[in-house]
Each structure stands twice: as structure tokens, then as C-alpha cells.
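Q: Questions regarding the structure given below will be posed in turn.
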Amino acid sequence: MPLTETRPARSKRIPAVEVLEPRARDSWTHTRNGDPRGYIDADKLKELWIHTGTACNLACPFCLEGSHPGDGRIPGMKLSDVKPFIHEAIDMGVEQFSFTGGEPFVIRDFVNILDYASQHRPCFVLTNATEPLHKRQHQVLPLLDNPYPIHFRVSLDFPDRARHDKDRGEGSFDQALEGIQWLIEQGFKVSIARQTDPGEHPVEVEAAFREIFRQWNIPENLAFTAFPDLGTPGSEDGSPEITETCMEKYPTKEARSHFMCTYTRMLVKKGDQVRVYACTLVDDDPQYDLGGTLAESMDERIMLRHHRCFSCYRFGASCSAPG
Numbered sequence: 035m036p037l038t039e040t041r042p043a044r045s046k047r048i049p050a051v052e053v054l055e056p057r058a059r060d061s062w063t064h065t066r067n068g069d070p071r072g073y074i075d076a077d078k079l080k081e082l083w084i085h086t087g088t089a090c091n092l093a094c095p096f097c098l099e100g101s102h103p104g105d106g107r108i109p110g111m112k113l114s115d116v117k118p119f120i121h122e123a124i125d126m127g128v129e130q131f132s133f134t135g136g137e138p139f140v141i142r143d144f145v146n147i148l149d150y151a152s153q154h155r156p157c158f159v160l161t162n163a164t165e166p167l168h169k170r171q172h173q174v175l176p177l178l179d180n181p182y183p184i185h186f187r188v189s190l191d192f193p194d195r196a197r198h199d200k201d202r203g204e205g206s207f208d209q210a211l212e213g214i215q216w217l218i219e220q221g222f223k224v225s226i227a228r229q230t231d232p233g234e235h236p237v238e239v240e241a242a243f244r245e246i247f248r249q250w251n252i253p254e255n256l257a258f259t260a261f262p263d264l265g266t267p268g269s270e271d272g273s274p275e276i277t278e279t280c281m282e283k284y285p286t287k288e289a290r291s292h293f294m295c296t297y298t299r300m301l302v303k304k305g306d307q308v309r310v311y312a313c314t315l316v317d318d319d320p321q322y323d324l325g326g327t328l329a330e331s332m333d334e335r336i337m338l339r340h341h342r343c344f345s346c347y348r349f350g351a352s353c354s355a356p357g
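Structural data, given as C-alpha cells:
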């Protein structure tokens, strides 16, 4: 379809497995005020994300995926689903395979997928490091012998047990710390995903985390990735729309490279098919479905219409592993 045209209207009835973000009802190419939208053209596929499915053992009310036990908005991946894409990505020069959910370790075939992927490239896994990981330690441990390393990023929202457990469930804070401790003791690389508060002082927050790490005999030098509230699927946070004029802030190819859609794609299962989406933050909008192959997805111009695009624009937000 020509990039200058508005995408055709979708049926009013949206399949139960999909969510349509409110802003998506407007023009793909222009803002509500009629200004041309900001956009990103892909450069090179460096990182392929694989969405393992939205099922999770926890039911956090803030979850950007809306995940909870038994959730089926995005079905669970199987090794047979991802194998062709892993090899296509390798042919395209991919540098890393990354995994998100839901909770990946809830998915029956996930360890098989991770085993296969880490035979070919370094891997990065987002996990809450609670019961599903603990139950599969005997399956995870042999992966240390694979040719490429696996880095785990564990969600630890706040340096406050009560506050963390309020949304994630009683005992989840200690379970996550036990998971971190176990992963590090085995020799895996670990970093932390935390939430941000308005007006916080990051140095003070991370110092509080490190005090907890000392109590648990966990290394204090773990890297942190701090995330703003990204909203639940289909939500609209009222953030400004990004225009072509806004993108003058990022005039060069290098300046735009912090936008994930320049170098990442994500596999999302829809029914029995695997589709390629622009990045990890837009799977609640089916219009970010870029096709059935990685190659064709890299030819599609990405319009920065989703409200989560503003987080990348303003903060340089990235779901990727910390450098």
C-alpha cells in the first residue's frame, strides 16, 4: 500500500485476541490535527524479539501486556513457530534474540526455544524470576553449556517488599530475589527492570536496591533499566502526537538509532500464524503488523502513532539489554 495513503478502515468488530489502541482509529500517516506524522525507516535487523505469549503466573494491574494466569490474547509460542524466523534473522545478520511475555517460563516450549536460539546467538530473557523459573531450574542450568550466553533481566519494581508485593502478589519480592541469587550463582548474567516514580532521584532509588542486594549476598553492580508507566493494552495516556517537525530533534541516522523500530522486530503469534510487529511496545495495535517475514517487515515505514512511541521519543526508552 502507498505510504502516503491512510490505511483502510478496519471492521468495527475486533477479534478477542487483539486490542486496538484508541489513537489507531485515526490516520496512519497524519495526526488528528492533520500534520504529517513522525516516522522511522528501519536500518538493519540487530535484535529479534520473540513474544512467548501473554500467559503469566502473576496478574499485575499495570502490566503493559495485560497478562494474567491463562491469558490468551497472544497465544504461546512453540519451537516450530520460531525456527524459520531464527534462521531468517541469522541470514539477515541479527546479533541477539530476546524474549518477553507474559512470563516466558510459563510457556511449555520456552526452554526448548531458548536452547535452540542460544545455539546461534546471545539471548536476552525478561522474567519475573518467581515460581515458573524456580520449577524449571533443572532445565535452565544445562543452557550454560550452549555456545552463546543468556542474559536475564528480572522485574523488581521497587526497593520495597510491601510495595512490590501489593501488585505482584505476596511473596513475589522474595521469590524474585531468590531467582536472581540462583541465576547469578550458576553463572548467568542478570540485570534489573524497575519502575520509575515522578520526581524520583535515581541514584537514591538504586542505592536502596543495592542495600537489599547486600542483605541477599547479591552483587551490587547489577545494571538497572528504569521504565515509566507504559499503560495497559489499548490505553491512551494523552501523550503528544509526534509529527515530522518533532523529528527534527533527531536529524541524523545515528540520532534516530535509539528508536527500537530502527533495529528490532518482534514475533507475535496470532491464532496459528506468526506475524512480525514493529517492536515490543505496540502489539496491542494490529496495524503495526508488518507482515509474515522479517525481510518484508524491514521495508515498511514505521509511523510513530502509538502513545508508547512518545516514551522512545522523549526518554530514549529501550527494552533491549543494558550496554
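Numbering (this note's numbering), first residue to last: 35 to 357.
Think of the CB as a built atom: it goes at the ideal place given N, C-alpha and C, for glycine as much as any other residue.
As the structure is a computational prediction, the values presented were derived from the model and not from experiment.
Tell me the rounded alpha-carbon separation between R276 and K283.
A: Numbered from 1 along the sequence shown, position 242 holds the residue referred to as residue 276. Numbered from 1 along the sequence shown, position 249 holds the residue referred to as residue 283. Here the sequence assigns Ile to residue 276, which means Arg is not the residue at that position. If I take the Cα positions, the gap works out to 11 Å.
Q: To which residues of the same chain is Q171 closer than 7 Å at the C-beta, ignoring the five residues directly before and after it?
A: As a first step, residue 171 must be located in the sequence shown, where it is residue number 137. Here the set comprises W216.
Q: In terms of residue numbering, what span does the beta strand (DSSP E) encompassing F119 cover?
A: One-based indexing of the sequence shown puts residue 119 at position 85. Unbroken run through F119 is the alpha helix (DSSP H), 113 to 125; no beta strand (DSSP E).
Q: Going by C-alpha distance, which of H121, G268, A242 is nearest L256?
A: The sequence position of residue 256 within the sequence shown is 222, counting from 1. When only C-alpha atoms are compared, the closest one is A242.
Q: Residues in the same chain with beta-carbon distance under 7 Å from C94, minus the five sequence neighbours each way, listed in chain order, please.
A: Counting from one through the sequence shown, the residue named residue 94 turns up at place 60. So the list reads D201, R202, once near-sequence residues are dropped.
Q: Taking the alpha carbon of Y150 as the point to measure from, which residue in S132, A163, L160, C90 has its own alpha carbon closest?
A: Within the sequence shown, numbered from 1, the residue matching residue 150 stands at position 116. Looking from the CA of Y150, the closest CA among S132, A163, L160, C90 belongs to S132.
Q: Any idea what DSSP makes of P181, helix, strand or coil?
A: Walking along the sequence shown from the start, residue 181 turns up at place 147. In the structure shown, P181 sits in coil (DSSP, three-state: anything other than H, G, I, E or B).
Q: Taking 8 Å as the threshold, find out whether the region 72 to 92 comes into contact with the region 290 to 302 through three or more Cβ pairs.
A: yes
Q: In chain order, what residues of the same chain lie with their CB nearer than 6 Å to the CB of S189, ignoring the 5 residues before and after it?
A: One-based indexing of the sequence shown puts residue 189 at position 155. Its chain contains N162, A227 as the residues whose beta carbon lies nearer than 6 Å to that of S189, once the 5 sequence neighbours on both sides are disregarded; these appear in chain order.
Q: Can you round the beta-carbon distance between G213 and T164 to whole angstroms, since I take them to be within the 8 Å contact cut?
A: For this step, residue 213 is matched to residue 179 along the sequence shown. For this step, residue 164 is matched to residue 130 along the sequence shown. Going by Cβ atoms, the distance from G213 to T164 rounds to 6 Å, so yes, they are a contact pair.
Q: Sort H168, E245, A312 by Cα distance to Q220 and report the nearest one.
A: The count along the sequence shown starts at 1 and reaches residue 220 at position 186. Checking every option, the nearest Cα to that of Q220 belongs to H168.
Q: Name the residue from F186, I246, E254, T259 whose alpha carbon lies nearest to the alpha carbon of Q229.
A: By 1-based counting over the sequence shown, the position of residue 229 is 195. It is T259.
Q: Hey, could you find the ends of the alpha helix (DSSP H) S206 is sitting in?
A: Within the sequence shown, numbered from 1, the residue matching residue 206 stands at position 172. Element bounds for S206: 206 to 220.
Q: Compare the beta carbon distance of A89 and G104 with 8 Å and say whether it is the shorter of the two.
A: Mapped onto the sequence shown, residue 89 falls at position 55. Mapped onto the sequence shown, residue 104 falls at position 70. Yes, these two residues count as a Cβ contact at 8 Å.
Q: Tell me whether M281 sits in a helix, a strand or coil according to DSSP, three-state version.
A: Position 247 of the sequence shown holds residue 281. Helix.
Q: Among the residues of its own chain, which have a CB less than 8 Å from the CB of L177, if the five just before and after it don't count?
A: By 1-based counting over the sequence shown, the position of residue 177 is 143. Correct list, in chain order: V145, L148, D149, S152, I184.
Q: Determine, using beta carbons only, whether V302 and D317 come nearer to each other than 8 Å.
A: In the sequence shown, residue 302 corresponds to position 268, counting from 1. In the sequence shown, residue 317 corresponds to position 283, counting from 1. Yes. Within cutoff.
Q: Using DSSP with H/G/I as helix, E/B as strand and the rest coil, what is R107?
A: By one-based count along the sequence shown, residue 107 stands at place 73. Of the three classes helix, strand and coil, the one that applies to R107 here is coil, per DSSP.
Q: My guess is that R142 and G110 are in contact by the Cβ rule of under 8 Å, so how many angstroms apart are they, rounded?
A: Counting from one through the sequence shown, the residue named residue 142 turns up at place 108. Counting from one through the sequence shown, the residue named residue 110 turns up at place 76. Contact holds; Cβ gap of about 7 Å.
Q: What's the C-alpha gap between N359 and M337?
A: Because the chain spans 35 through 357 in this model, residue 359 falls outside it and cannot be assessed.
Q: Take S331 and list the residues in its own chain whose beta-carbon comes closer than 7 Å to its own, dropping the five residues that flank it on each side.
A: As a working note, residue 331 is residue 297 in the sequence shown. Result list for S331: R299, V310, L324, G325, in chain order.
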